[in-house]
Each structure stands twice: as C-alpha cells, then as structure tokens.
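The structure appears right after this line, and notes come after that.
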Amino acid sequence: MVTQHPTPSERITAEVGSWPGVQSGTGRRGEFAFRVGDREIGHLHGDLSAHFGFPRDVGARLREDGRVGPHPVNPHSTKMAARALTTDADVQDVIALMRLNYDRVTARG
Numbered sequence: 001m002v003t004q005h006p007t008p009s010e011r012i013t014a015e016v017g018s019w020p021g022v023q024s025g026t027g028r029r030g031e032f033a034f035r036v037g038d039r040e041i042g043h044l045h046g047d048l049s050a051h052f053g054f055p056r057d058v059g060a061r062l063r064e065d066g067r068v069g070p071h072p073v074n075p076h077s078t079k080m081a082a083r084a085l086t087t088d089a090d091v092q093d094v095i096a097l098m099r100l101n102y103d104r105v106t107a108r109g
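With the UniProt record's numbering applied, the sequence shown closes on residue 109, and no number is skipped along the way.
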C-alpha cells in the first residue's frame with residue numbers, strides 16, 4: 001500500500017487556513033491567496049513558490065537573511081518577495097513568513 005503525503009500547498013493551506021480570520025481562495029491571476037480582511041498575507045503558485053508583500057525594511061532584512069528572494073514581477077523591490085517550495089524547511093519557513101504577515105496585519109486591528 002502506498003502512503004500519500006500532503007503536498008507543500010496542502011500543508012501550508014491546512015496550517016495558515018486554521019488561523020482565526022484567515023480566508024483563502026483563488027485570486028485574480030490564478031494564485032491561491034490567504035487574506036485577513038482585505039489584506040493579503042501571501043499567496044501560493046501551486047507547489048512551486050510562495051509570494052509575499054512586506055514593509056520595505058522587513059523585506060530587505062528577510063532577503064539579507066536568505067529567507068526570501070526577489071519577486072519575479074518586480075525583482076528590485078524589497079517590498080515584494082518570493083520563496084521556492086523545494087524542501088520541508090521551505091514549507092515550514094513559508095508558514096512562518098505568512099505568520100509574520102498575519103501577526104502584523106492582525107496587530108493593526
């Protein structure tokens with residue numbers, strides 16, 4: 001018997017979708033987005049990558065730390081970032097990055 005493991009996007013969706021106030025669904029460009037109210041905390045492109053928006057200082061620090069890379073649409077912006085979903089560590093850090101945005105958005109009220 002073959003045991004089927006959840007995909008990266010399934011794991012991320014199960015965790016992030018369990019946080020109070022998070023709504024998820026397909027966005028305008030086919031991405032799978034996670035929102036709190038009218039604020040997106042990040043989105044997935046299948047099991048390939050996650051994209052985020054951060055304040056410039058946070059995005060710059062995350063990029064310097066190697067936790068995110070340039071966003072393919074605007075690679076020079078430190079506000080926009082991407083993270084590949086290659087390893088289990090990537091999945092865990094994508095969840096942590098979404099939590100960073102979630103905590104920032106929910107702290108505003």
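Every residue gets a Cβ at the ideal spot worked out from N, C-alpha and C, and that includes glycine.
Please read all numbers here as calculations on a predicted model, not as lab measurements.
CB residue i to CB residue j, shorter than 9 Å?
i	j	result
Met80	Phe34	no
Phe32	Leu44	yes
Leu62	Pro8	no
Ala14	Pro6	yes
Ile12	Val105	no
Looking at the unbroken beta strand (DSSP E) that takes in residue i, where does it start and where does it end?
i	result
Gln23	22-26
Glu40	39-45
Val36	32-36
Arg61	Note, Arg61: premise wrong, no beta strand (DSSP E); alpha helix (DSSP H) at 56-64.
His76	Careful: His76 lies outside any beta strand (DSSP E) and carries neither H nor E.
His5	Element bounds for His5: n/a, residue is neither H nor E.
Check each candidate in the options and name the one with the smallest Cα separation from residue i.
i	options	result
His71	Phe52, Asp88, Arg29, Ala14	Phe52
Ala89	Thr13, Gly42, Arg67, Ile41	Arg67
Asp93	Arg108, Arg56, Gly42	Gly42
Thr87	Ser24, Val36, Leu48, Gly37	Leu48
Ile95	Asp65, Gly37, Glu10	Glu10
Ser77	Gly27, Asp57, Gly25	Asp57
Tyr102	Thr3, Gln4, Gln23	Gln23
Val16	Gly30, Glu64, Gly46, Val36	Val36
Residue i lies in the alpha helix (DSSP H); which residues open and close that run?
i	result
Asp9	It is Ser, not Asp, that sits at residue 9 in the sequence shown. 8-16 is the extent of the alpha helix (DSSP H) around Ser9.
Arg83	Premise fails: Arg83 lies in the beta strand (DSSP E), 80-84, not in any alpha helix (DSSP H).
Val94	88-108
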